[in-house]
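Residues in the sequence shown are numbered from 121 upward in steps of one, following the numbering used here. No residue lacks a Cβ here, since even glycine has one placed at the ideal position from N, Cα and C. The model shown is predicted, which means the values in this text are computed figures rather than measured ones.
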Amino acid sequence: MNTHKPVLLREVIEYLDPQPNQNFIDCTFGGGGHSIVILAKTLPNGKILGIDANRDSLEKFKIQNSKFKNKDRLILINDNFRNLKSIYANNFPYPVSGILLDLGLSSMELGDPERGFSFLTDGLLDMRFDQQKHGLTAGEVLNKYDLENLIKIFTEYGEAPRGKAWQVAKAVVAARKRQLFRTTFDFSRVILQVFYPRAVERGEITMATKDFYHKRRKITHPATQFFQALRIEVNDELGNLREVLPSAMEILAKGGRLAVISFHSLEDRIVKNFFRDGAKAGQLKILTKKPIGPEEIERQENPRSRSAKLRVAEKR
Ligand SMILES: C[S@@+](CC[C@H](N)C(=O)[O-])C[C@H]1O[C@@H](n2cnc3c(N)ncnc32)[C@H](O)[C@@H]1O
121 MNTHKPVLLR EVIEYLDPQP NQNFIDCTFG GGGHSIVILA KTLPNGKILG
171 IDANRDSLEK FKIQNSKFKN KDRLILINDN FRNLKSIYAN NFPYPVSGIL
221 LDLGLSSMEL GDPERGFSFL TDGLLDMRFD QQKHGLTAGE VLNKYDLENL
271 IKIFTEYGEA PRGKAWQVAK AVVAARKRQL FRTTFDFSRV ILQVFYPRAV
321 ERGEITMATK DFYHKRRKIT HPATQFFQAL RIEVNDELGN LREVLPSAME
371 ILAKGGRLAV ISFHSLEDRI VKNFFRDGAK AGQLKILTKK PIGPEEIERQ
421 ENPRSRSAKL RVAEKR
């Protein structure tokens, strides 16, 4: 679970179409899955600016690839991609043929209990991509936000029905009076008590057990949408995306391409609207009339890919 399989790799490469000596920006470097292929296609002199808010991912990549031949063609920067303009201005004096955003989190991050992204393992409720920076952790959001704000993030960012969002928010406020939220299981326990009070009471659900749902119900775990909401709030993910899209278009050379992989409808809508407005204004051409999803084989081999949607536009 600790390696990350790049999603829609073939499709991204097809659309970005990297050629020898072209330069690219990978705004979400992660484990470098997409970048490594781009580096191979842009030999001998093409360069990549790789950005990631998670310092550990970049450090891990450097250690694992210490003998990596293409090192001098790869510039890695630990920062938030919403600062793309200044990152580019300060580190990458090259024209850019393509920019990639592969949003969300990597399997390494999801599988790391210290990051608190997963409701399937118990870990501190952190969820910040960048743990070095300040900003509220997921635990602090649960412990500090008032009822209305909790309902708002659960409905807007988790797309939870208002009734359930209200119930979970109320349960959070009641639970934190007894004991503050500290771990992922503290939160998933509260969610499960709202959704399945009798099963929890009877001890049929011990904790965030995947099996309970997979075997008996084959439905999405109810914690999914609430964990998603917290993650989006903690990292201001939608704000980051709104900020980076115009910067990316500005940086791209004419004819350069912007590829964005999103994993839920909130992100996809922002990308879709940005492309639509840009096309209307004659600033870009949309290359993917409909978003591209994974083929059946990828869906089976990599369940994380199932919700992925790729949209690509070309700068005019
Ligand atoms: C889905 S993973 C990318 C995986 C990568 N394409 C690969 O194949 O190895 C998304 C990465 O983006 C990073 N990330 C998320 N939001 C970010 C932001 N606002 N700025 C910079 N990096 C961010 C995460 O830390 C994570 O490593």
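For residue i, does the three-state DSSP call read helix, strand or coil?
i: residue 192; result: helix
i: residue 121; result: Its pLDDT being 40, under 50, residue 121 is placed unreliably by the model, and the measurement read from it follows with that caveat. Looking at residue 121 - three-state DSSP - the assignment turns out to be coil, as it is neither helix nor strand.
i: residue 304; result: helix
i: residue 437; result: One cannot answer for residue 437 here, as it falls past the ends of the chain, which runs 121 to 436.
i: residue 150; result: coil
i: residue 367; result: helix
i: residue 187; result: coil
i: residue 203; result: helix
i: residue 230; result: helix
i: residue 178; result: helix
i: residue 163; result: coil
i: residue 244; result: strand
i: residue 424; result: helix
i: residue 340; result: coil
i: residue 298; result: helix
i: residue 236; result: coil
i: residue 126; result: coil
i: residue 249; result: coil
i: residue 276; result: helix
i: residue 388; result: helix
i: residue 356; result: coil
i: residue 135; result: helix
Considering only DSSP beta bridges, list what residue i is partnered with.
i: residue 155; result: BP columns for residue 155 are empty, so no partner.
i: residue 218; result: 144, 377
i: residue 405; result: 434
i: residue 170; result: 146, 196
i: residue 382; result: 429
i: residue 372; result: 216
i: residue 225; result: Paired residue(s): none; residue 225 is not in a bridge.
i: residue 412; result: 430
i: residue 312; result: DSSP lists no partner for residue 312.
Assuming contact is defined by CB atoms lying nearer than 8 Å, are residue i and residue j in contact in what I supplied?
i: residue 262; j: residue 301; result: yes
i: residue 158; j: residue 138; result: yes
i: residue 310; j: residue 295; result: yes
i: residue 368; j: residue 204; result: yes
i: residue 267; j: residue 288; result: no
i: residue 374; j: residue 436; result: yes
i: residue 104; j: residue 414; result: Residue coverage of the chain in this structure runs from 121 to 436, which leaves residue 104 outside it and unanswerable.
i: residue 442; j: residue 304; result: The requested residue 442 does not occur in the structure, where the chain is confined to residues 121 to 436.
i: residue 273; j: residue 370; result: no
i: residue 285; j: residue 132; result: no
i: residue 404; j: residue 434; result: yes
i: residue 219; j: residue 156; result: no
i: residue 143; j: residue 167; result: yes
i: residue 394; j: residue 224; result: no
i: residue 249; j: residue 174; result: yes
i: residue 411; j: residue 429; result: yes
Hey, how far is the Cα of residue i from the Cα of residue j?
i: residue 124; j: residue 320; result: 33 Å
i: residue 171; j: residue 255; result: 20 Å
i: residue 297; j: residue 359; result: 31 Å
i: residue 136; j: residue 376; result: 8 Å
i: residue 264; j: residue 257; result: 10 Å
i: residue 389; j: residue 162; result: 32 Å
i: residue 127; j: residue 221; result: 11 Å
i: residue 366; j: residue 164; result: 30 Å
i: residue 398; j: residue 186; result: 41 Å
i: residue 121; j: residue 280; result: At residue 121, the pLDDT of 40 sits below 50, so the modelled position is not reliable; the number obtained from the coordinates is stated separately. Each residue's alpha carbon lies about 28 Å from the other.
i: residue 130; j: residue 419; result: 14 Å
i: residue 247; j: residue 355; result: 8 Å
i: residue 290; j: residue 275; result: 14 Å
i: residue 362; j: residue 148; result: 15 Å
i: residue 322; j: residue 364; result: 48 Å
i: residue 216; j: residue 134; result: 17 Å
i: residue 316; j: residue 269; result: 24 Å
i: residue 307; j: residue 271; result: 15 Å
i: residue 229; j: residue 251; result: 12 Å
i: residue 151; j: residue 194; result: 13 Å
i: residue 341; j: residue 278; result: 13 Å
Quick one: does the C-beta of residue i sit closer than 7 Å to a heavy atom of ligand 3?
i: residue 173; result: In the structure on display, ligand 3 does not appear, and the ligands it does have are ligand 1.
Should the region 204-214 be regarded as contacting the region 224-243, the criterion being three or more beta carbon pairs within less than 8 Å? no
So does the region 174-186 actually touch the region 211-219, counting three or more Cβ pairs closer than 8 Å? no
Is it true that the region 345-354 meets the region 190-197, where meeting means three or more beta-carbon pairs spaced less than 8 Å apart? no
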